[in-house]
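In my numbering, the protein residues as written are 18 to 367.
Quick look at the structure:
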């Protein structure tokens, strides 16, 4: 009788479903105890395009690869507060490159506690012709208060032509990785968030890390590969076949130094969507449905391309949202953007 009971008990235990991230039920709206929105995450199926690893040597156990995590949209949460004095440390104007004879600098804000800390690189927008790292000071401080090391970077602007700005952002990632030990950073957990033109630069850093034609003048000897990327209303296809509003098309032409129809090879090199493959990092796309500067189809097309090769991809379409809202915008109608971004970082960089 005892033997029968034991068998029944073993059968009941083995039939339970495996645990999910973070719980089998969707979490309630709002933040967790630490102020970060709770993550709704689910692993992608193994057949979604990601290899399971190298074939095991005969006689060795097969390696177990963690499946990529798919983060669903988080509609609402409590936005995190700015950190108090003493909770973060700030290093300003660190020179990471002198490409073209121009010193390029970044600001680095880190948690005051012991690391190594996961890293988030923040890249400003401005049509590749305006903007500066100081525009993302608030975002970097809030992220540092949540336990991330946040770097805001400058890059060469127009009249410097492509690929100067792309090369600078990639060089900043290399520099941070090469100097990780100096600043208590984790070189294996590095992500990036870019806004508008900055999103385009982050996309080329994340989706084409081995394309040497996008590099110039960087002396940091380290990889520019990213663990995850977040793209806010980013241009992703600069080729002549893309449909652009005329003012934006002129901005793109000045950035490239030539029209896409005149140099289709250059336009393809500058288009993140042209570099998509199954090795790309998890990607979050955020776009307003009323964006008249960068059409939402730019995000939708990249989403489809990434999903087509099995990359863990999340898209947030902000109903009625225009172009240029910030990461921690307080507007309730835009709340899905910061809440999903925080959940995405939590899932992929923690």
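Each residue gets a CB set at the ideal place from its N, CA and C atoms; glycine is no exception.
{"query": "Cut-off 7 Å between Cβ atoms - residues of its own chain near residue 129, not counting five sequence neighbours on either side", "result": "103, 104, 105 and 106"}
{"query": "Contact the segment 115-122 vs the segment 160-172: 3+ CB pairs below 8 Å", "result": "yes"}
{"query": "Alpha carbon of residue 197 to alpha carbon of residue 185, nearest angstrom", "result": "18 Å"}
{"query": "C-alpha gap between residue 238 and residue 206, whole angstroms", "result": "18 Å"}
{"query": "Any alpha helix (DSSP H) of 4 or more consecutive residues that is wholly inside the segment 130-177", "result": "154-162"}
{"query": "6 Å CB neighbourhood of residue 250 in its chain, flanking five on each side removed", "result": "213, 304, 308, 311 and 340"}
{"query": "Buried/exposed call for residue 151, threshold 16 Cβ in 10 Å", "result": "exposed"}
{"query": "For residue 365, the first and last residue of its enclosing alpha helix (DSSP H)", "result": "353-366"}
{"query": "Counterpart residues of residue 294 in DSSP-defined beta bridges", "result": "DSSP output for residue 294 lists no bridge partner at all."}
{"query": "Limits of the beta strand (DSSP E) - the one that residue 268 falls within", "result": "Counting along the chain, residue 268 falls outside any beta strand (DSSP E), though it belongs to the alpha helix (DSSP H) covering 263-273."}
{"query": "Length-filtered (4 minimum) alpha helix (DSSP H) runs lying within the segment 197-231", "result": "214-224"}
{"query": "Distance CB(residue 136)-CB(residue 97) smaller than 7 Å", "result": "no"}
{"query": "Extent of the continuous beta strand (DSSP E) run through residue 328", "result": "Run containing residue 328: none; DSSP gives neither H nor E here."}
{"query": "7 Å CB neighbourhood of residue 320 in its chain, flanking five on each side removed", "result": "302, 330 and 332"}
{"query": "Inter-residue CB distance, residue 361 and residue 245 (contact presumed, cutoff 8 Å)", "result": "7 Å"}
{"query": "Close beta carbons around residue 334, own chain, < 7 Å, minus the five adjacent residues each side", "result": "304, 306 and 313"}
{"query": "Coarse secondary structure for residue 315, derived from DSSP in three states", "result": "helix"}
{"query": "Nearest candidate by alpha-carbon position, reference residue 190, set 295, 235, 256 and 144", "result": "235"}
{"query": "Residue 125 and residue 210 closer than 7 Å at C-beta", "result": "no"}
{"query": "Euclidean distance between Cα positions of residue 287 and residue 179", "result": "8 Å"}
{"query": "Where residue 118 falls: helix, strand or coil (DSSP)", "result": "helix"}
{"query": "Which residues DSSP lists as bridging residue 124, in chain order", "result": "169"}
{"query": "One or two residues paired with residue 334 in a DSSP bridge", "result": "304"}
{"query": "Alpha-carbon to alpha-carbon, residue 167 and residue 345", "result": "15 Å"}
{"query": "Contact under 7 Å by Cβ, residue 10 with residue 285", "result": "Residue 10 lies beyond the stretch modelled for the chain, which goes from 18 to 367, so this question has no answer here."}
{"query": "Extent of the continuous alpha helix (DSSP H) run through residue 283", "result": "281-286"}
{"query": "When 183, 113, 100 and 181 are compared against residue 156, the one with the closest alpha-carbon", "result": "100"}
{"query": "Where the beta strand (DSSP E) through residue 247 begins and ends", "result": "245-249"}
{"query": "Span separating the alpha-carbon of residue 216 from that of residue 252", "result": "7 Å"}
{"query": "Per-residue burial, residue 114 [other beta carbons within 10 Å of its own, 16 or more giving buried]", "result": "buried"}
{"query": "Cβ-based neighbour list, residue 357, same chain, cut-off 6 Å, excluding 5 preceding and 5 following", "result": "90, 91 and 333"}
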